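First to last, the protein sequences are chains A and B.
Take the first sequence: its letters are residues 17 to 195, numbered as in our numbering.
Take the second sequence: its letters are residues 20 to 212, numbered as in our numbering.
Backbone N, C-alpha and C define an ideal beta-carbon position, used for all residues, glycine too.
Predicted model, so just to flag it, every value in this text is computed and none were measured.
Here the structure is laid out as C-alpha cells; the discussion comes afterwards.
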Amino acid sequence: MEKETNTLIQDLQHQKPAACQKLLTEYGPAVFRMVQRIITQREDAEEVYQDVFVKALRGIQNYNPKQASLGTWLSRIAYNESLNFLRSRKPNIIYIDDRELGSDSFEVPDDAPQDEHTIALLEQALSLLPPHEQAIISMFYYEEKSLADIAYITGSIPSTVGSQLSRIRKKLYRIIKTL
Amino acid sequence: MNDIKNDINLKEAVSRREQQLPPMPEGLNEKVMGSLEEYDCLKKKTPLHRGRGWRWVFLAAACVAGFVVIFLAPPKSAEKQPPLALEKPRVESQESRVKGQESRVEGQESRVESQKITVTSRRPKAKSQRPKAKSQEPIAEPMLTEAEIERGALPEMNDPYLAIMEQMKDIRSLGEQVCQEVDQLMDNQVNLQ
C-alpha cells in the first residue's frame, strides 16, 4: 500500500494524467466530504473541490510524506481552501457564540447511555456550530483521525486540538439545553 | 480525553449527520480532470511556452552584440590614446644608419681639426622614448667596432651641456687671442717709448 502511494506521488510529481485520475478516484470522496462539511452549497463545494486538486497538483513537488499521509495533506488543503472560500463570501449564517451560552462551568455527562433524544438534539446542535468546529468534530468522531493529524490539517498543535474538542463538546451540550 | 472519546451520543449524532451529506456527484472528477488540463497542471497540455524559445534567441543575440561592441569595435578617437602610443617607432634601416654615421664622422673630423675637441661620452636614450621595434626589424643598433670608435665615429648627441662647453672654449680661445694682441700692443708702446 505504501509502495503504491509512493509510486502515485512520484507519478503525480511527473504530472502523469493517469496518476491524477487515480488520485481523484481514491482521495476524491474524502476531499469532497471535507469540503461539504464546511461549504453546504453544492455548486460552491464543487468549485472548491476543483480548486483543491488544482492547488494540490501544483504543490505536489513540495509535499513531504514524512510530515503527513497523502490523504491528510489533501484534507489540509481542502480545509484551508473551504475556509478561505467562506471568508471571501459575506457571512449570511449566524452561528452560536460561546459567550451567548454562559460560563464554561457547565457539567458534561460522562459515559451517558445512548439516548435517541440526546442524539437528535446533538444533531441539531451540530448544525449550529461554526464550520471549522463542525469539521474538527467530524474528523475526530467520524473519521477517527488522531489529534496529530487534525492538528496538521488545521495548522495547530495536538494539545490545542484536544482543548478545542473538549470546549466544542461542552458547547454542544450547552446548546442542547437551550433547544 | 477519554470522556470525549467515550461520548457515544455525540459519536452517533456525528455519524448520522455525516450520512446525511449528499454523495459526490458523478462526472465531477471528469470535470476536474478537464480543468486540471486547462490549468496546465498536467503534461498533456503543457507544451513548451512559445515565447520561451524566442527569449533565448534574443538573449543570445544580445550577448553577441555586446561581444562585438566590447572587443571588435575601433577606439572612439585617437586623442584619447597616450601620446607615446601615437609616436611612430624611429627605427632606421641599416643603410641609412651607416650613411648617417659616415656623415657624422665627416662633420666631427672637421670640427676636431678646427677646435681639437673630441666627444667621447654617449648617453643612452631614455627608456620611455625608445621606440618599440617590430619583430622583423633589428631591435638594437649595431655595436661600433674598435676601429670606428678610434676614428671617432660616435653618434652625434644633442647635449646642451656639451654645446655650452664648446661655446665657452671658443670664448676662451678668443679671450686668449685678445690678451695676446693686447700684450703685443703694450710691448710695441714700451719699445716706442
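Residue from the options with nearest C-alpha to residue i
i, options, result
"Q140 (chain A)", "B:E165, B:I23, B:S34 and B:E169", "B:S34"
"H133 (chain A)", "B:E31, B:L47 and B:E195", "B:E31"
"A35 (chain A)", "B:I23, B:E165 and B:M52", "B:M52"
"N48 (chain B)", "A:N80, A:E63 and A:Q57", "A:E63"
"N96 (chain A)", "A:P129, A:Q130 and A:V51", "A:V51"
"G171 (chain A)", "A:W89, A:R105 and A:E159", "A:W89"
"Q150 (chain A)", "A:E20, A:Q26 and A:R49", "A:R49"
"N22 (chain A)", "A:G44, A:N78 and A:L86", "A:L86"
"L40 (chain B)", "A:Q26, A:A61, A:I169 and A:H30", "A:A61"
"N100 (chain A)", "A:Y65, A:G75, A:Y79 and A:N80", "A:Y65"
"Y79 (chain A)", "A:L145, A:Q29 and A:Q37", "A:Q29"
"I192 (chain A)", "A:P33, A:L137 and A:G75", "A:L137"
"K19 (chain A)", "A:P81, A:L145, A:A167 and A:K32", "A:P81"
Start-to-end residues for the alpha helix (DSSP H) that takes in residue i
i, result
"F69 (chain A)", "R58 to G75"
"T88 (chain A)", "L86 to S104"
"M50 (chain A)", "P33 to I54"
"R35 (chain B)", "I27 to Q39"
"L28 (chain A)", "E18 to Q29"
"S54 (chain B)", "L47 to E57"
"I168 (chain B)", "E165 to E169"
Chain B residues whose Cβ lies nearer than 7 Å to that of residue i
i, result
"D27 (chain A)", "By Cβ distance, chain B contributes nothing, its closest Cβ being about 11 Å from D27 (chain A), past 7 Å."
"Y158 (chain A)", "V33, S34 and E37"
"I153 (chain A)", "V33"
"L138 (chain A)", "N28, L29 and A32"
Reduced DSSP category for residue i - H, G, I as helix; E, B as strand; rest coil
i, result
"K64 (chain B)", "Annotation note: pLDDT 43 at K64 (chain B) (below 50); position unreliable, coordinate value reported separately. K64 (chain B): helix per DSSP, three-state reduction."
"N80 (chain A)", "coil"
"E185 (chain B)", "helix"
"T134 (chain A)", "helix"
"R183 (chain A)", "helix"
"S154 (chain A)", "helix"
"D178 (chain B)", "coil"
"A92 (chain B)", "coil"
"M205 (chain B)", "helix"
"N210 (chain B)", "helix"
"E160 (chain A)", "coil"
"R190 (chain A)", "helix"
"P129 (chain A)", "coil"
"R171 (chain A)", "Sequence check: residue 171 (chain A) is Gly here, not Arg. If DSSP states are grouped into helix, strand and coil, G171 (chain A) belongs with coil."
"L145 (chain A)", "coil"
"L193 (chain B)", "helix"
"L195 (chain A)", "coil"
Contact under 8 Å by Cβ, residue i with residue j
i, j, result
"I93 (chain A)", "K71 (chain A)", "yes"
"S154 (chain A)", "E37 (chain B)", "yes"
"L24 (chain A)", "L40 (chain A)", "no"
"L142 (chain A)", "L181 (chain A)", "no"
"L163 (chain A)", "P147 (chain A)", "no"
"R281 (chain A)", "I23 (chain B)", "Residue numbering for chain A in the displayed model covers 17 to 195; residue 281 (chain A) lies beyond these limits and cannot be assessed."
"D131 (chain A)", "N28 (chain B)", "yes"
"A84 (chain A)", "D165 (chain A)", "yes"
"I169 (chain A)", "S91 (chain A)", "yes"
"L73 (chain A)", "L55 (chain B)", "yes"
"M43 (chain B)", "G75 (chain A)", "no"
Per-residue contacts from residue i into chain B (C-beta, under 9 Å)
i, result
"L102 (chain A)", "Going along chain B, no residue has its Cβ under 9 Å from L102 (chain A), so there is no contact; the nearest lies around 17 Å."
"L90 (chain A)", "What L90 (chain A) touches in chain B: nothing, since even the nearest Cβ is about 13 Å away."
"R185 (chain A)", "D22, I23, D26 and L29"
"Y65 (chain A)", "M43, L47 and V51"
Contact list for residue i against chain A, beta-carbon separation under 9 Å
i, result
"L91 (chain B)", "By Cβ distance, chain A contributes nothing, its closest Cβ being about 45 Å from L91 (chain B), past 9 Å."
8 Å Cβ cut-off: residues of chain A touching residue i
i, result
"L55 (chain B)", "C36, F69, V70 and L73"
Neighbouring residues, chain B, relative to residue i (Cβ below 8 Å)
i, result
"L40 (chain A)", "N48, V51 and M52"
"Q130 (chain A)", "I27, N28 and E31"
"P147 (chain A)", "Near P147 (chain A) there are no residues of chain B at all, since even the closest Cβ is about 13 Å away, more than 8 Å."
"S175 (chain A)", "In chain order: nothing, as chain B lies at least about 10 Å away."
Distance cut-off 7 Å: residue i Cβ against heavy atoms of the ligand COA
i, result
"S192 (chain B)", "Here there are no bound small molecules, and the ligand COA is not part of this structure."
Proximal residues of chain A, C-beta to C-beta of residue i below 7 Å
i, result
"L40 (chain B)", "R49 and Q52"
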